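Here is the structure we will look at, set down as C-alpha cells.
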Amino acid sequence: MKLKSLLWILFFTTIVIIGCENKTKIQTPIAKAELVKNEIKDDGVKATDFELESTKGNKVKLSDYKGKIVIVDFWATWCPPCREEIPNFVQLQKVYKSELQILGVSLDTDTKNDLAPFMEKYKMNYPVLFANNEIVNNYGGIEAIPTTFVIDQNGNIINSFIGYHDKSVFVAEIERLL
Numbered sequence: 166m167k168l169k170s171l172l173w174i175l176f177f178t179t180i181v182i183i184g185c186e187n188k189t190k191i192q193t194p195i196a197k198a199e200l201v202k203n204e205i206k207d208d209g210v211k212a213t214d215f216e217l218e219s220t221k222g223n224k225v226k227l228s229d230y231k232g233k234i235v236i237v238d239f240w241a242t243w244c245p246p247c248r249e250e251i252p253n254f255v256q257l258q259k260v261y262k263s264e265l266q267i268l269g270v271s272l273d274t275d276t277k278n279d280l281a282p283f284m285e286k287y288k289m290n291y292p293v294l295f296a297n298n299e300i301v302n303n304y305g306g307i308e309a310i311p312t313t314f315v316i317d318q319n320g321n322i323i324n325s326f327i328g329y330h331d332k333s334v335f336v337a338e339i340e341r342l343l
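Counting in my numbering, the sequence shown runs from 166 upward without gaps.
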C-alpha cells in the first residue's frame with residue numbers, strides 16, 4: 166500500500182515538474198523578444214519594405230512614406246486590446262498628420278469583408294492593409310497582437326511594442342523623433 170502511494174506521489178511530482186519545464190520554455194521566447202526590442206531601439210534596424218493591398222484595393226508600400234514617422238500596427242478586429250488602441254491611433258493621425266503615417270496591418274482572415282464597416286464604426290483615418298505570410302515573417306513572426314513598430318523618417322525600426330499601450334507611449338516616441 167505504501168509503495169503504491171509512493172509511486173502515485175512520484176508520478177504526480179514528475180508531471181508537475183514537466184509542466185513547469187514547459188512553462189519556462191514558453192516564457193523564453195518572450196524574454197528573447199524583449200532583448201531584440203532593446204537591440205532594435207539602440208541600433209536602428211532597417212525596416213523591411215513591403216507592398217500590401219489596402220481595404221480600398223490599392224497597393225501601399227512602406228517606402229512610400231520615407232521622410233515620415235510610420236507606425237505599423239499588426240492587429241485584428243476580434244482582438245479587444247487592438248480595438249482599444251484604434252481611437253488612440255485615429256487621434257495621433259489627426260494631430261501629427263504631416264509628420265506621421267499610421268498603417269494598420271490586419272491579420273483578419275475570415276472577416277476581410279467585415280473590415281469596411283468596422284473601419285467606418287471606428288472612424289479609422291489611416292490605411293488598413295491585408296497581411297500576408299511574408300510580412301508576418303519579415304517582422305519577427307508576430308506571436309501576439311497588437312504588435313506595433315515605430316519606424317523613423319529614414320526607415321529604421323526604433324522601437325516595438327507587444328500588447329496594448331497608452332497613447333502617451335506613442336506620443337513620446339513621435340516627439341522624440343521630431
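Beta carbons: idealized from backbone N, C-alpha and C, even for Gly.
The structure presented is a predicted model; accordingly, all values stated were derived computationally and were not measured.
### Spatial distance of I251 from V301 (CA atoms)
When only Cα atoms are considered, I251 and V301 end up about 20 Å apart.
### Query
Which term fits W240, buried or exposed, when burial requires 16 or more other beta carbons within 10 angstroms of its beta carbon?
It counts as buried.
### Task
Decide if G222 is buried, meaning its Cβ has at least 16 other Cβ atoms within 10 Å, or exposed.
With fewer than 16 other CB atoms across the displayed protein chains lying within 10 angstroms of its CB, G222 is exposed.
### Query
Alpha carbon to alpha carbon, how far is Q256 from F283?
Approximately 17 Å between the Cα atoms of the pair.
### Message
For L343 and K277, I'd like the C-alpha separation in whole angstroms.
### Response
Distance between the alpha carbons of L343 and K277 is about 35 Å.
### Message
Here's a check: name, in chain order, each residue in its chain whose Cβ is nearer than 8 Å to the Cβ of L133, leaving out the five neighbours to either side.
### Response
Since the first and last residues shown for the chain are 166 and 343, residue 133 lies out of range.
### Query
What is the rounded straight-line gap between the Cα of A296 and the Cα of A212?
Taking the CA atoms as reference points, A296 sits about 16 Å from A212.
### Message
Closest to S333 by C-alpha separation, out of F254, N319 and G320, would be which residue?
### Response
Just measuring C-alpha positions, the residue of F254, N319 and G320 sitting nearest S333 is F254.
### Query
Can the beta-carbon of I323 be found closer than 7 Å to that of V315?
V315 is positioned such that its CB atom lies closer than 7 Å to that of I323.
### Message
Beta-carbon within less than 7 Å of Y329's beta-carbon, same chain only, minus the 5 sequence neighbours each way: which residues are those?
### Response
P246, E249, E250 and P311.
### Message
I'd like the span of the alpha helix (DSSP H) that includes Q256, first residue to last.
### Response
Counting along the chain, the alpha helix (DSSP H) containing Q256 begins and ends at P245 to V260.
### Query
Between which two residues does the alpha helix (DSSP H) carrying N303 extend?
Unbroken alpha helix (DSSP H) run through N303: N298 to N303.
### Task
Might you give, ordered along the chain, the residues of its own chain that have their beta carbon closer than 8 Å to the beta carbon of Q318, omitting 5 neighbours on each side?
Take Q318, set aside five residues on each side of it, and the residues of its chain with a beta-carbon closer than 8 Å to its own are K231, G232, K233, I234 and L342, in chain order.
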